[in-house]
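Counting in this note's numbering, the first sequence runs from 827 upward without gaps. In this text, a Cβ means the ideal position worked out from N, Cα and C, and glycines have one as well. Model, not experiment: these values are computed from the prediction. Structure first, commentary second.
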Amino acid sequence: MYIDHIGELLAQHVPCDKEEIKALIVKSDNKEHGDFAFPCFPLAKKLRKAPAAIAAELAEKIELPDCFSKCENVGPYLNFFVDQAHFNGYVIGEISEKKDRYGSSGIGVGKACLLEHTSINPNASPHIGRARNAIVGDFVGRLLKFEGYDVKVHYFVNDIGKQISMLVLGAGEREEVKFDDLLNLYVDINNRVKEDPELEKQVFDLLYQLENGDEAVRKRFRQIVDVCIKGQTAIFNELGIFYDCFDYESQFLFDNSLEDIIRQLLDKGLVFEDDLGRYVVNLEKYGLSPLVITRADKTSLYPLRDIAYTIWKCSHNTDKNIIILGQDQELYFKQIAAIVTELGHRPPEVVHYSFVMLVDGKMSTRQGTVVLLEDFMREAVNKADEGIVERGDQSDPERAKRIAYGAVKYSMEKTSNERNVIFDWDKALSFDGDTGPYILYSYVRINSILKKCGADSADLTGAVDYSLLNREAESDLITQLYAFPDVVQKAVREFSPHVITHYIFDLAKKFSAFYRECQVMNAEDVQLKNARIRLILSVRQVLENAFGIIGMETVEHM
RNA sequence: GCACCUGUAGCUCAGUGGAUAGAGCAGUGCCCUCCGGAGGCAUGUGCGUAGGUUCGACUCCUAUCAGGUGCACCA
């Protein structure tokens, strides 16, 4: 709203429209430069005057409304100072009015969003690299819900294909297959198949039987896959990550959609049969390498089924259609998107993230150097419970879980999507500094103060003199609260959770500074105390809103 | 070889083309008579390299070096 005002003010005096001006306004990074600044360089050519002269002239002409206290020119900049009392009242008023909607633009109200994420191969317990998909995906879902979208989260279950076939073969005649056995089973059969061509043939035979509708084989596949999906989703559910729909890849095998797609591509002359008899899509006009969609025996490959699935998702006609994929799938997804476009659909928006690496190198299933998500979670819970005991409390596994899972997610969410996360056990389990526990701790402190002040039950409808909040720590905190809606917008543009985690950390730090310098309970007088109570209520509200977006649960004590 | 992503402090990372590039960790020295110390204070010669665009470049463009990833019957 302050930027709006400045835009209007300046539009009366310079040859630009309001929107152009607003785009140029920057938030000052230095108190001496006020709160907002308008750089006059771009006007220099138009007005044929030196930027500094323009700034000086504008400073003379402008009549400031009440919400600004001062406007001065410093060199080529025109600096605006907001009126602190007005600003305090405005920000705290906005938060107390909008509550859990503060920060939301509401742009998604009445709109639907289909979001696909996780979609891990059902062959083993997820490692932390795969988990990044779920964590980023869950963040995107929560963010869009916060923006008002009706979000449905889909999980594509890859219940067919060579890998699953190997798993089924590896399980043999075993009646009961346990989730925890799958990883070993998978690694073992993988090695055996590599060395034994005969075994590999059996893998493909199984697949052939499945694709040709052998009921018993189909049941067995489904049984094994479900054990795996159950195990995987249980882990993600623990972390507060949930799914609305599980879409089984095999459904596209039996509904003729694969044949339809091949026929359409043939009609368009986009697909050719290579010398081995495989169907290959030519994507030269997109500058992409060709994509093989069937084996020589014409059984489908994953890309073909994925095209069918993607088109199926498009048929839901949602306002937004989003998929979360690893950076390694970038070229692949471009190919899929090109084909889907050719077939007359608008492909999903894609959000890519990079990998999780270990400090001493890459993760490798074969070398046993993967870090499983469940191990990471368990270690974090132990560590959090130790912390609880150290602080003189009884061991409390439930509370430890909330703290630990927040820490696990936060550690994965604070890196921007396009960068690799470098995983280091010690750092990942550290609860000091820029971590989930630190920000939770701020929240706990606020609640502790409010409880001691009896603020939660107090009548907070009376008038408050916000001009009393005039210490630096107070105005810094309020400025940070004011920034939240913009931060949410940035997160929506980038779909990267680090935007929110960095904001929360800054907010927590500013609260700590306030906590140190400004007493609430023992404030100098009751007016000041009331104003500060409103302030920390606002901080708590914004923390809760932000926690909701990154999927962090709160605790009452630590 | 081609394509995409990433090079910012010892380490891990922020930084919508605008004023003096910021955090956390580790190190060093301090602070528990203070609404909870999972805290705070002090301490720093850094934008891979070279050009270019611009009034202005960590940010945009080109080249180059380094790392990651992908590129025909895995999914």
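> Any chance the segment 1323-1331 sits against the segment 924-942, with 3 or more Cβ pairs inside 8 Å?
Replying inline: no
>> With three or more C-beta pairs closer than 8 Å as the rule, is the segment 1000-1012 touching the segment 955-964?
In response: no
>> Looking only at its chain, what residues have a beta carbon closer than 8 Å to the beta carbon of ALA1349, apart from the 5 residues adjacent to it on each side?
In response: LYS1355, ARG1358
>> Whole angstroms are fine: how far does the CA of ILE946 sit from the CA of GLU846?
In response: 46 Å
>> With three or more C-beta pairs closer than 8 Å as the rule, is the segment 1239-1256 touching the segment 1182-1198?
In response: yes
> Who are the near neighbours of ASN1296 in its chain, counting only those whose CB is closer than 7 Å to its CB and skipping five residues on each side?
Replying inline: GLN910
> Do you know whose CA, among VAL917, HIS859, LEU836, lies nearest VAL1368's CA?
Replying inline: VAL917
>> Tell me which residue opens and which closes the beta strand (DSSP E) that MET1183 is part of.
In response: 1182-1184
> According to the neighbour-count rule (16 or more other Cβ atoms, all chains shown, within 10 Å of its Cβ), is ALA1206 buried or exposed?
Replying inline: buried
>> Taking the alpha helix (DSSP H) that ALA938 belongs to, which residues open and close that run?
In response: Not the alpha helix (DSSP H): ALA938 falls in the beta strand (DSSP E), residues 938-942.
>> Quick check: what's the CA-CA separation for LEU993 versus PRO1023?
In response: 16 Å
> CA-CA distance, LEU1127 and ILE1133?
Replying inline: 10 Å
>> If contacts are defined as beta-carbon pairs under 8 Å, then PRO952 and ILE1055 qualify, I think. What distance do you get, rounded to the angstrom?
In response: Contact doesn't hold; Cβ gap of about 11 Å is too wide.
> On the premise that LEU1303 lies in contact with VAL1346, defined as a C-beta separation below 8 Å, what is that separation, rounded to the nearest angstrom?
Replying inline: At roughly 12 Å, the Cβ-Cβ gap does not stay under 8 Å, so VAL1346 and LEU1303 are not in contact.
> Based on Cα-Cα distance, which residue from TYR1341, ARG1319, LYS1336 lies nearest to LEU970?
Replying inline: ARG1319
> On the three-state DSSP scale, how would you describe THR1241?
Replying inline: coil
>> Taking the straight line between their C-alpha atoms, what separation do you get for GLN1161 and TYR1074?
In response: 22 Å
> What are the partner residues of ALA809, as DSSP defines its beta bridges?
Replying inline: Outside the modelled stretch of the chain, which goes from 827 to 1384, sits residue 809, for which no answer is possible.
> With burial defined as no fewer than 16 other Cβ atoms inside 10 Å of the residue's Cβ, what is the status of CYS1071: buried or exposed?
Replying inline: exposed
> GLN1315 and SER931: beta carbons closer than 8 Å?
Replying inline: yes
> Leaving out five residues before and five after LYS872 in sequence, what residues of the same chain have Cβ atoms less than 7 Å from its Cβ?
Replying inline: PRO841
> Does DSSP classify TYR1105 as helix, strand or coil?
Replying inline: strand
> Within 10 angstroms of its Cβ, does LEU1092 collect 16 or more other Cβ (buried), or is it exposed?
Replying inline: exposed
> ASP892: which of GLU1037, ALA881, GLU883, VAL908 sits nearest, CA to CA?
Replying inline: VAL908
>> Comparing C-alpha positions only, which one of GLU1099, ASN905, CYS1140, GLN1035 sits nearest to ARG1121?
In response: GLU1099
> Can the beta-carbon of ALA1210 be found closer than 8 Å to that of ILE1229?
Replying inline: yes
> Using a Cβ-Cβ cut-off of 6 Å (strictly less than) and excluding sequence neighbours within five positions of VAL1270, which residues of its own chain qualify?
Replying inline: MET1384
>> Suppose the cutoff is 8 Å on Cβ atoms and the five residues either side in sequence are ignored; what does the same chain contact list for LYS1336 look like?
In response: ALA1299, ASP1302, LEU1303, GLN1306
> Going along the chain, which residues of its own chain have a beta-carbon closer than 6 Å to the beta-carbon of GLY974, five neighbours each way excluded?
Replying inline: GLY932, GLY934, VAL935
>> Does the structure place the segment 1012-1019 close enough to the segment 985-992 that three or more beta carbon pairs sit under 8 Å?
In response: yes
> Short check: CB of ASN959 to CB of ILE1087, under 8 Å?
Replying inline: no
> When the Cα of ASN1147 is compared with those of LEU941, GLY1377, VAL852, ARG1018, which residue comes out closest?
Replying inline: LEU941
> Could you check where the beta strand (DSSP E) with LYS1146 kicks off and where it finishes?
Replying inline: 1146-1152
> Can you list the beta strand (DSSP E) stretches of 3 or more residues lying completely in the segment 970-1042, in chain order?
Replying inline: 976-983
> How should VAL1196 be labelled, buried or exposed, when 16 other C-beta atoms within 10 angstroms of its C-beta is the threshold for buried?
Replying inline: buried
> According to the Cβ coordinates, are GLY1066 and GLY1377 closer than 8 Å?
Replying inline: yes
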